[in-house]
Amino acid sequence: MTASDAPARAPFSILVLCTGNSARSQLAEAILATRGVKRPMGPVVAASAGTRPASQVNEYAITALQFHGIAWRHAAPKHVDTLKDRAFDLVITVCDDAKEACPVFLGAKAQVHWGLPDPAVHISPATARAAFSATFDALAKRINALLRLPLETLAPDELRAQAQAIHDSLAAPPARTSARLRHNT
């Protein structure tokens, strides 16, 4: 049997969960869908869902995606139960409520929590745009790092550890150097 005779592996699949499936999880799914297909190590497919889905995707989420050149017309919030029969390699929760209410996905190799503030809590258009832009940037950094990993070959514990480490390293406040150290350099 040659390498060309080997059956093709299904794309690595990622499910992103939040409460309303109208903001953070939609942003993450769109970024993954756009960048995951171009991954040199093999494509990544993405889905998103919510534990209590909203009636529509937040308009500022769509605006943030459009600003970054991502057309996200087909998006609609969906309940996590609609995906319970699908197998996912990685499940990422992006809000604390979804982490607590997240069902067990028996086929998932790993599950991690990338808790991010809800950008939809901002009321004024200016603060909402800024919050969604910051959330897009935070998710894009994490996803870019995730897509550089050899996802298909990592053992479940290693996948979980590395995916969580990506979030933890980017969520940590920048290290401060003491005044004494700055004066001695």
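Sequential numbering of the sequence shown, starting at 4, is according to this note's numbering.
Quick reminder that beta carbons are idealized off the backbone N, C-alpha and C, glycines included.
Taking DSSP as the reference, what is the three-state secondary structure of residue 170? Here residue 170 corresponds to residue number 167 of the sequence shown, with the count starting at 1. Helix, per DSSP.
On the three-state DSSP scale, how would you describe residue 189? Coverage of the chain is limited to positions 4 through 188, which leaves residue 189 absent and any answer about it impossible.
Assuming residue 28 is part of the alpha helix (DSSP H), what are its boundary residues? Within the sequence shown, numbered from 1, the residue matching residue 28 stands at position 25. Unbroken alpha helix (DSSP H) run through residue 28: 27-39.
Check whether residue 136 and residue 67 have beta carbons under 7 Å apart: Mapped onto the sequence shown, residue 136 falls at position 133. Mapped onto the sequence shown, residue 67 falls at position 64. In contact: residue 136 and residue 67 (Cβ atoms closer than 7 Å).
Does the separation of the CB atoms of residue 157 and residue 141 fall below 7 Å? Residue numbering aside, residue 157 sits at position 154 when the sequence shown is read from its first letter. Residue numbering aside, residue 141 sits at position 138 when the sequence shown is read from its first letter. No, the Cβ-Cβ distance between residue 157 and residue 141 is not below 7 Å.
Looking only at its own chain, which residues have a Cβ that is under 6 Å from the Cβ of residue 168, when we skip the five neighbours before and after it? Indexing the sequence shown from 1 puts residue 168 at position 165. Closer than 6 Å at Cβ, skipping near neighbours: no residue.
What are the boundary residues of the beta strand (DSSP E) that residue 15 is part of? Numbered from its first residue, the sequence shown carries residue 15 at position 12. Segment 15-21, the beta strand (DSSP E) holding residue 15.
Which complete alpha helix (DSSP H) runs does the segment 55-140 hold, if anything under 4 residues is left out? 62-70, 99-104
The ligand COA and residue 45: does the residue's C-beta get closer than 6 Å to at least one heavy atom of that ligand? In the structure shown, the ligand COA is absent, as is every other ligand, since no ligand is present at all.
Which listed residue (31, 173, 123, 93) has its alpha carbon closest to that of residue 161: Indexing the sequence shown from 1 puts residue 161 at position 158. Closest by alpha carbon: 93.
Distance between beta carbons of residue 36 and residue 49, contact taken as under 8 Å: Translated into positions along the sequence shown, residue 49 becomes position 46. Translated into positions along the sequence shown, residue 36 becomes position 33. Between residue 36 and residue 49 the Cβ distance is about 5 Å, and since that is below 8 Å, they are a contact.
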